[in-house]
Amino acid sequence: MNDEARRNIALFRYGIIAPIVSGTYDEDKSIKEFFSDTAKKTYTNPRGEDTKISASTLERWYYSYRQSGFDTLIPQRRRDTGQPRKIDEDIMEQVRFLKKEYPRIPATLIHQKLIDNGTINKGDISLSYGK
C-alpha cells in the first residue's frame, strides 16, 4: 500500500470520528452511545467498498487520535512486507525445481504435487497466494 492510500485510510477514519473529536455530535448522548450509533452505519471505504466498523474499533481510533494525533490513524506498514509469510525456503526450492524441470507445469499441479508429497497440507497455502 502506498503512502497516498495509507493517508486516504487515515482521512476516512478521521472523518468517521470527527464529530466526537470536534464535539459536534449530539451532546445528550454519551461517548459510548456515539460509538454504538456510529457502528450501526455503513461506510464506503477508500477502495469503494461498503463496510461496517465495530464500536470497539471506533473507540480505539478515537483514543489513539486523542493520545497521539492524526498520524496514529495511518495504517502501519507490515514489518514483513515483501517476505512470504507461509512459504518457507524449502517449499520455494521445491517450486523452483518443479518449474525448472517442467517449465509449462501449471500452478494447480505444483500445488497438488506439494500436497501429495507431504510438503504442505491441503488448505495451508492457497493457489492464489502468490498473485
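Residue numbers for the sequence shown follow our numbering, beginning at 300 and rising by one.
A virtual CB, placed ideally from N, CA and C, is assigned to each residue, including glycine.
Just so you know, these numbers come straight off a predicted model, no measurement behind them.
From the DSSP output, in three-state form, read off residue i for me.
i	result
Tyr342	strand
Ile424	coil
Asn301	coil
Ser329	coil
Ala317	helix
Thr323	coil
Asp389	helix
Arg312	helix
Thr519	Here the chain has residues from 300 to 430 only, and residue 519 is not among them.
Arg306	helix
Looking at the strands, I want to know which residues DSSP matches up with residue i.
i	result
Asp349	Thr343
Between which two residues does the alpha helix (DSSP H) holding residue i run?
i	result
Thr407	406-415
Tyr401	Unbroken run through Tyr401: none, as it is neither H nor E.
Arg365	354-367
Given a cut-off of 8 Å on the beta-carbon distance, is the pair residue i and residue j in contact?
i	j	result
Arg404	Leu413	In the sequence as presented, Arg is not what sits at residue 404; that position holds Ile. It is not a contact, given that the beta carbons lie outside the stated cut-off.
Ala354	Ala338	yes
Ile424	Ile386	yes
His410	Leu426	yes
Query raised in the report: Taking one C-beta from the region 300-308 and one from the region 318-335 each time, how about it: are there three or more such pairs within less than 8 Å?
Result: No, the region 300-308 is not in contact with the region 318-335.
**Report entry** Three-pair Cβ contact test at 8 Å for the region 325-337 versus the region 351-370
**Finding:** Yes: at least three Cβ pairs fall under 8 Å.
Query - Touching by the beta-carbon criterion (3+ pairs, under 8 Å), the region 366-377 and the region 339-347 - result: Counting C-beta pairs closer than 8 Å gives fewer than three between the region 366-377 and the region 339-347, which falls short of the contact rule.
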